[in-house]
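Structure first, commentary second.
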Amino acid sequence: MYEFENPSQEQLFDYLKKAKTIAVVGISNKTDRSSYLIAQGLQKNGYKIIPVNPLLEGQELLGEKVYASIKDVPIHIDIVDIFRRSEFLADVARDFVDTDADVFWAQLGLQSEEAEQILRAAGKNDIVMNRCIKIEYAYSGLGKK
């Protein structure tokens, strides 16, 4: 059984500390969905959120333009936070390696050996899987000013 091994807790906090821009792949326009709520929470904590969902392309969510793919985003992405089922993570990884994004972050319950192989083969080693970015942010202490 595949079990992804995450970076250290310190490294996770470091990713969050350095990040300014977070693309949220698979964000929903339903305001009660975790993808929307987590994106909204990150935005309230000062991150620039970039919504990514091909079904909502061109619309606005949380005051930001929605893109079909992370490859369409015209600015640098620090963290790509993914809310797509595990079987779609390899597709997101293929897009990810075609960008200059820094961290591939799959939400709690999501992991993919194929995605990890694609990322590592491209030299992209800043990978987080099966972790909730909102929970890690809460533990990081970054929100306490």
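Under the working numbering, the residue at position 37 of the sequence shown is numbered 38, and the numbers go up by one with no gaps.
For every residue, glycine included, the Cβ atom is placed at its ideal position computed from N, Cα and C.
Which partner residues does residue i have in the DSSP bridge list?
i, result
"I51", "A24"
"A107", "I83"
"Y68", "V53"
Helix, strand or coil for residue i per DSSP?
i, result
"K125", "coil"
"L63", "coil"
"Y3", "coil"
"K18", "helix"
"G142", "coil"
"A40", "helix"
"R132", "coil"
"A94", "helix"
"D33", "coil"
"D73", "helix"
"I78", "coil"
"E58", "coil"
"A116", "helix"
Between residue i and residue j, how many whole angstroms is the CB-CB distance? I'm expecting something under 8 Å.
i, j, result
"Q108", "I83", "6 Å"
"A24", "Y48", "Incorrect: roughly 10 Å between the Cβ atoms, too far for contact."
"V93", "V26", "6 Å"
"I39", "I128", "Not confirmed; about 19 Å, so no contact."
"R1", "N7", "With the chain running from 2 to 146 in the structure shown, residue 1 is simply not present."
"F14", "S141", "4 Å"
Should residue i be counted as a contact of the ligand ZN given a C-beta to heavy atom distance under 7 Å?
i, result
"R121", "Judged by which ligands are present, the structure shown has none, so any question about the ligand ZN falls away."
**Asked** Hey, is the stretch 66-75 in contact with the stretch 93-105, meaning 3+ C-beta pairs nearer than 8 Å?
**Response** yes
**Request:** Tell me, please, whether the stretch 57-67 touches the stretch 117-125 by the rule of three or more beta-carbon pairs shorter than 8 Å.
**Result:** no
**Prompt:** Counting Cβ pairs, one atom from each stretch, are 3 or more of them under 8 Å apart for the stretch 49-57 and the stretch 132-146?
**Reply:** The stretch 49-57 vs the stretch 132-146: no contact.
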